[in-house]
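Worksheet: one structure, shown below.
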Amino acid sequence: MLGVESAIVSETRDPVELGVELLAHLEHGELSVADALDRIETVTTNPQVQREILDTAVMRGLIERENGVVRPRSQGSHVNFDSDVVVREGEFSCQRCGAAISTGHFVQFDGGELGPFGSTCIRKVLGRE
Numbered sequence: 001m002l003g004v005e006s007a008i009v010s011e012t013r014d015p016v017e018l019g020v021e022l023l024a025h026l027e028h029g030e031l032s033v034a035d036a037l038d039r040i041e042t043v044t045t046n047p048q049v050q051r052e053i054l055d056t057a058v059m060r061g062l063i064e065r066e067n068g069v070v071r072p073r074s075q076g077s078h079v080n081f082d083s084d085v086v087v088r089e090g091e092f093s094c095q096r097c098g099a100a101i102s103t104g105h106f107v108q109f110d111g112g113e114l115g116p117f118g119s120t121c122i123r124k125v126l127g128r129e
């Protein structure tokens, strides 16, 4: 079950902008489109919106997509855990794996907040593992 605050944020965020920002902050030099989609699924499971996220990120020059591989075009724009991730206590479900968690990690992007995630899933979504 999502916390009340998370549910409100989820209703007001633009999934395309959040997905594009997530791709713009990739920490890997490259990853497969499948791995990129795994991250995008934390924003939306709608295949049409997922394609729009990938296409928008390419169109804006944030990523290159070729032969099943996604490469970020900018360096040094990674999510900072100290300033870009907020930790809250409550009753949440991890947005990546669905597990019940009492500590939620939320990524703060210009387009909105992404989360909650458990401590392991936040690292996977951001490419730290």
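The numbering of the sequence shown is the UniProt record's numbering, which starts it at 1 and goes up by one. For every residue, glycine included, the Cβ atom is placed at its ideal position computed from N, Cα and C. Just so it is clear, the structure is predicted and the values come from calculations on it, not from any experiment.
Beta-carbon separation (whole angstroms), residue i vs residue j, contact threshold 8 Å
i	j	result
valine 33	glycine 61	The Cβ separation is near 18 Å, so there is no contact.
leucine 22	isoleucine 40	7 Å
valine 16	glutamate 66	Incorrect: roughly 21 Å between the Cβ atoms, too far for contact.
phenylalanine 109	leucine 31	Incorrect: roughly 19 Å between the Cβ atoms, too far for contact.
Spatially closest choice to residue i from the options, by CA coordinates
i	options	result
cysteine 97	Phe109, Ile122 and Asn46	Ile122
asparagine 80	Val20, Gly29 and Gly127	Gly127
arginine 71	Ser119, Asp82, Gly29 and Val49	Gly29
serine 63	Pro47, Gln48, Val20 and Lys124	First, the residue type needs correcting, since residue 63 is isoleucine and not serine in the sequence shown. Out of Pro47, Gln48, Val20 and Lys124, Val20 has the C-alpha closest to the C-alpha of isoleucine 63.
Residue i vs residue j beta-carbon contact at 8 Å
i	j	result
alanine 24	serine 74	yes
aspartate 14	glycine 112	yes
glutamine 50	threonine 44	yes
Pairs of beta-carbons, one from the segment 85–96 and one from the segment 48–61, closer than 8 Å: are there three or more?
no
At least three beta-carbon pairs within less than 8 Å, the segment 99–113 to the segment 78–87:
yes
Which runs of the alpha helix (DSSP H), 4 residues or longer, sit entirely within the segment 39–95?
47–59 and 81–84
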